[in-house]
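Novice: In terms of the working numbering, the sequence shown is residues 460 to 547.
Even for Gly, the Cβ is constructed at its ideal location relative to N, Cα and C.
Have a look at this one.
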Amino acid sequence: MIDPSDVIRRKRLKYRAQYRGFKEADILLGGFADAYLATLSTEELDMFEALLSARDHDIYDWITGKTQAPPEYDTPLLARLRSFRPLK
């Protein structure tokens, strides 16, 4: 049985990923959420939630490799985001 709180958490994270206020972050994070959020483990959800607490421009710079992410954000999930291509 699916935990109702888990469903709500995933919906909340999807919304936060899609409506950042910075179009490039909306595309990257929202596209990633559309593609993978349903299959992320609890640990990955924690990483994604922590990442969403950072500033949009910082996240974008970390994903594109413009700047190095601080250790607390430099997770396997961020590595997956770096390899994600939302537009095909």
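Restricting to runs no shorter than 4 residues, where is the alpha helix (DSSP H) found entirely within the stretch 461–530?
Specialist: Qualifying alpha helix (DSSP H) stretches, in chain order: 463–477, 482–495, 501–511 and 515–523.
Novice: Just verifying my parser: in three-state terms, what is the DSSP assignment at R544?
Specialist: Coil at R544, not helix or strand.
Novice: Applying the 10 Å Cβ sphere with the 16-neighbour rule, what's the burial state of I518?
Specialist: Buried, because 16 or more other Cβ atoms sit within 10 Å of the Cβ of I518.
Novice: Can you tell which of T498, K482 and L488 has the C-alpha that lies nearest to the C-alpha of V466?
Specialist: Closest option to V466, Cα to Cα, is T498.
Novice: Check whether the Cβ atoms of A492 and L472 sit closer than 8 Å, and answer yes or no.
Specialist: Cβ distance < 8 Å, so A492 and L472 count as in contact.
Novice: Which value, in whole angstroms, describes the spacing of the CA atoms of G489 and R514?
Specialist: One C-alpha to the other measures close to 15 Å.
Novice: In whole angstroms, give me the CA-to-CA distance for D462 and R468.
Specialist: One C-alpha to the other measures close to 10 Å.
Novice: Should A538 be labelled buried (16 or more other beta-carbon atoms within 10 Å of its own) or exposed?
Specialist: Under this definition A538 is an exposed residue.
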